[in-house]
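From first to last, the protein sequence lines are chains A and B.
Mapping of the first sequence onto the working numbering: position 152 corresponds to residue 154, and the numbering continues sequentially without gaps.
Mapping of the second sequence onto the working numbering: position 174 corresponds to residue 728, and the numbering continues sequentially without gaps.
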Amino acid sequence: MSLSTPILIMLAGALAGAGLFYGLNRRSRTALVMGALGGIAGSLLFMVPLNFCMFETERTTLDIILGLILIVVGVLLVVIPLQWLFGRFVERRIAFTGSQAGTFKGTFTPFLLLAPTIVILALFLYYPSLDTFRLSTLLYRLGAKRSAFVCLDNFTALVDPDYLRSVFITLGLSLAIVVLGLSLGLLIATAAYQPVKGARIYRTLLIWPYAVSPVVAGVVFALLFNPAGGIINYVLKNLFGITIPWLNDPTYAPWAVIIASVWKSLGFNILFYIAGLQNIPKDLTEAAAIDGANAIQRFIRVTFPLLSPITFFLIITNMTYAFFDTVGTVVYMTGGAGPLGSTNTLIFRIYQLGVQNNDLGKAAAQSIVLFLMVIGLTVIQFRTTGERVNYGGA
Amino acid sequence: MTTLTETQLQAPAASAGLMKRLLPKRLGVHIFLIISCIVIGFPLFYAMIVSTQENADVYRYQFTPGNKFEANWDIVVNKRNIPGYMLNTVIVAVAVTVGKTVLSLLAGLAFVYFRFPGKWLVFGFVLITLMMPTEILIIALFRFVNALGWGSTYLALIVPFLASATGTFLFRQHFSNIPVELCEAAQLDGATPLQFLIKVLVPISWNTIGALAVIQFIYVWNMYLWPVIIIQDQVHQVVQVGLQQLQGNDQASSFGPMMLGAVLASIPPILVFVLLQKQFMSGFQLSTDK
Numbered sequence: 003m004s005l006s007t008p009i010l011i012m013l014a015g016a017l018a019g020a021g022l023f024y025g026l027n028r029r030s031r032t033a034l035v036m037g038a039l040g041g042i043a044g045s046l047l048f049m050v051p052l053n054f055c056m057f058e059t060e061r062t063t064l065d066i067i068l069g070l071i072l073i074v075v076g077v078l079l080v081v082i083p084l085q086w087l088f089g090r091f092v093e094r095r096i097a098f099t100g101s102q103a104g105t106f107k108g109t110f111t112p113f114l115l116l117a118p119t120i121v122i123l124a125l126f127l128y129y130p131s132l133d134t135f136r137l138s139t140l141l142y143r144l145g146a147k148r149s150a151f152v153c154l155d156n157f158t159a160l161v162d163p164d165y166l167r168s169v170f171i172t173l174g175l176s177l178a179i180v181v182l183g184l185s186l187g188l189l190i191a192t193a194a195y196q197p198v199k200g201a202r203i204y205r206t207l208l209i210w211p212y213a214v215s216p217v218v219a220g221v222v223f224a225l226l227f228n229p230a231g232g233i234i235n236y237v238l239k240n241l242f243g244i245t246i247p248w249l250n251d252p253t254y255a256p257w258a259v260i261i262a263s264v265w266k267s268l269g270f271n272i273l274f275y276i277a278g279l280q281n282i283p284k285d286l287t288e289a290a291a292i293d294g295a296n297a298i299q300r301f302i303r304v305t306f307p308l309l310s311p312i313t314f315f316l317i318i319t320n321m322t323y324a325f326f327d328t329v330g331t332v333v334y335m336t337g338g339a340g341p342l343g344s345t346n347t348l349i350f351r352i353y354q355l356g357v358q359n360n361d362l363g364k365a366a367a368q369s370i371v372l373f374l375m376v377i378g379l380t381v382i383q384f385r386t387t388g389e390r391v392n393y394g395g396a
Numbered sequence: 555m556t557t558l559t560e561t562q563l564q565a566p567a568a569s570a571g572l573m574k575r576l577l578p579k580r581l582g583v584h585i586f587l588i589i590s591c592i593v594i595g596f597p598l599f600y601a602m603i604v605s606t607q608e609n610a611d612v613y614r615y616q617f618t619p620g621n622k623f624e625a626n627w628d629i630v631v632n633k634r635n636i637p638g639y640m641l642n643t644v645i646v647a648v649a650v651t652v653g654k655t656v657l658s659l660l661a662g663l664a665f666v667y668f669r670f671p672g673k674w675l676v677f678g679f680v681l682i683t684l685m686m687p688t689e690i691l692i693i694a695l696f697r698f699v700n701a702l703g704w705g706s707t708y709l710a711l712i713v714p715f716l717a718s719a720t721g722t723f724l725f726r727q728h729f730s731n732i733p734v735e736l737c738e739a740a741q742l743d744g745a746t747p748l749q750f751l752i753k754v755l756v757p758i759s760w761n762t763i764g765a766l767a768v769i770q771f772i773y774v775w776n777m778y779l780w781p782v783i784i785i786q787d788q789v790h791q792v793v794q795v796g797l798q799q800l801q802g803n804d805q806a807s808s809f810g811p812m813m814l815g816a817v818l819a820s821i822p823p824i825l826v827f828v829l830l831q832k833q834f835m836s837g838f839q840l841s842t843d844k
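Right, here's the structure in full:
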């Protein structure tokens, strides 16, 4: 590899960083310099550890595309926090002139108080995160003496129908769990929040499955859906004369998992929707009633839009649940991958690849893909929870 | 004003007809809620019935309790030692719940009642961990925890979960809603930060503490993937994984012991949730009586 590639990349990073920063910070000269430096650092963030490997001559176009994406991500990863710090710096100078009321003295004490939290987060979250990135570039088997650097091969290997099918299965499961869980939750919450006698008892009897584990949900629903002795088929047979091979058929196995998961998460959804409904000011629905809106119109036009912060929060939590926690349910219902791999979710793949096949490099690469999906979800959640809390306090 | 008095005047006269019109509506709500409760409760209720049966009863669709409870109990309790797994889970869940609450309280105290250089940097450091679920890190975490020599120990199940962004933010938000006068008064009395935390903040924070304790206890109790990976011996294994012992004894799964195990494993978290429901609701500002 010639020296020109790194220099070109750094130049592009500097230009992008400077441009971004210059635009965002009232076009000051300091911002220009900081942005350029940030851009260079960002473009090198992934390239130095990877030694620019994806731009070597024998690499494929896919490698080059991934490399370019990594440069863009790297620049953003450095410039955005830098921008945040820059903004804080300006704010803090104002904040320091404010009053010192309600605070203790001492600069050492707060760090002492925070030390346990910081140490544990650094050791058990930050270090493994970084290590996941390192592992993802290696051909590394647990117990093997040596490992080999394979550039982005673990990632490019993911462009394969089998893996894409798992992405599809995971997203499909999540979508079904969100849609079914939230609509049923809202329906039951609408009844449960009304001031009927024994409302408290109803509420407790409706929300307790929140405390049940995904594993127990899997164990119990494996019995209910069992081909021999399963009560669901017994009912279906006696009522409609049909039997469905729930757990052995690739068409139905995902639905069995969805039903079990919706049952398990329903309590949580009901709980939050009841809270949301209680926080809606009565005068708004009453005003709509005076204007002649009937119950259904009131619900669609007034109640549901006012619940949207809760709905959004529940979409995110249910998605996270569907991504990770369903693994316990799936293992006990379909044995993990399920008939013809029809319940083979992304997290189960990582478990199988990393723990059962000891292929840590490939498992780490898949973890990072899942990581990116979760970062997307968390950013959305973070932007909406603030709204939810304010609303709840109103 | 006039409309109000008018309705009040009309109310007694119209009440008989009104009752008739109201009663079926409320009755409908009751019926709907009762059906919902039954449907939601059915899976675990049926599991309880099957826990007293043998496989033949299940295949016969017998919906009344069988006479195999003692035999199933013997398998679950004596032969497969499910109480042993449950004890391990209790140890881990209590340790994480207590430890995480204490660490979160300390961190919340530092963030709200101190000014120090780099506060926002530390805050960002904690904040970013919201994006790092353990499930995604299991491969690297597995390597690291094993390198520490913690494989198959309680430490592997406890220490990585002692700090959390959720807990820290919960207390930070709760503390920042407390009037500053409390802190000023405590300072005038010469209280140290720790005294202020224990004597003033903790007594008025029980709802938040309870809420955090409930979600943490349930989270740890229900953890599955991490113990499966890191705990290789049965002596330290948790109950969610231990249930597998009931599944894999014969080729044919025997439902009775399996269901009994599942029911037993669900009792502690359900109990904690139902008993601390009030704290849970007000700690997360979920109930109206704030």
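Positions of the beta carbon are idealized from the N, C-alpha and C atoms, including for glycine.
Cutoff 8 Å: residue i Cβ touching any chain B Cβ
i	result
A:Gln354	no
A:Pro163	no
A:Phe315	no
A:Ser149	no
A:Ala258	no
A:Val332	no
A:Gly231	yes
A:Thr172	no
Range covered by the alpha helix (DSSP H) that runs through residue i
i	result
A:Pro51	Arg31 to Leu52
B:Ser718	Note, B:Ser718: premise wrong, no alpha helix (DSSP H); not H, not E.
A:Arg202	Ala201 to Ile209
B:Lys622	It is not in any alpha helix (DSSP H) - B:Lys622 carries neither H nor E in the DSSP assignment.
A:Tyr334	Thr328 to Thr336
B:Gln788	No alpha helix (DSSP H) contains B:Gln788, which DSSP labels as neither H nor E.
A:Phe223	Pro216 to Leu226
B:Met812	Phe809 to Leu829
B:Gln770	Trp760 to Trp775
A:Asn240	Ile233 to Phe242
A:Ser267	Ala255 to Gln280
B:Trp674	Lys673 to Ile682
Proximity of residue i and residue j at Cβ, strictly below 8 Å
i	j	result
B:Val768	B:Leu830	yes
B:Lys654	B:Leu716	yes
A:Phe373	B:Leu695	no
A:Thr380	B:Met602	no
A:Gly108	A:Val81	no
A:Val222	B:Ala816	yes
A:Ala262	A:Met335	yes
A:Val259	A:Thr328	yes
C-beta neighbour in chain A for residue i, strict 8 Å
i	result
B:Trp775	yes
B:Phe725	no
B:Arg669	yes
B:Thr683	yes
B:Tyr639	no
B:Leu709	no
B:Met813	yes
B:Arg580	yes
Amino acids of chain A, ordered along the chain, whose beta-carbon sits closer than 9 Å to that of residue i
i	result
B:Leu755	Those do not exist, as B:Leu755 stays about 12 Å from chain A at its closest Cβ, beyond 9 Å.
B:Gln794	Ser215, Pro216, Val217, Val218 and Gly330
DSSP bridge partner residues for residue i (one or two, in chain order)
i	result
A:Ala146	BP columns for A:Ala146 are empty, so no partner.
A:Asp361	A:Arg143
A:Phe373	Paired residue(s): none; A:Phe373 is not in a bridge.
A:Phe106	B:Phe668
A:Phe88	A:Phe88 is not bridged to any residue.
A:Phe151	A:Leu140
Neighbour list for residue i in chain B, Cβ cutoff strictly below 9 Å
i	result
A:Phe126	Thr688, Leu691, Leu695, Phe698, Val699, Val713, Pro714, Phe715, Leu716 and Ala717
A:Phe424	Limits of chain A in this structure are 3 at one end and 396 at the other, which puts residue 424 of chain A out of reach.
A:Val357	Ile692, Ile693, Phe696, Val782 and Ile783
Neighbour list for residue i in chain B, Cβ cutoff strictly below 8 Å
i	result
A:Trp265	Ile594 and Pro597
A:Asp133	Ala694, Arg697 and Phe698
A:Ser176	Residues of chain B passing the Cβ test: none, with the nearest at roughly 14 Å.
Per-residue contacts from residue i into chain A (C-beta, under 7 Å)
i	result
B:Ile763	Simply none; closest approach about 16 Å.
B:His584	Val198
B:Gln831	Thr206
Interface residues of chain B facing residue i [CB-CB closer than 7 Å]
i	result
A:Leu249	Going along chain B, no residue has its Cβ under 7 Å from A:Leu249, so there is no contact; the nearest lies around 12 Å.
A:Gly211	Before going on, a small fix: residue 211 of chain A reads as Pro here, not Gly. Under the 7 Å cutoff, chain B gives Ile594.
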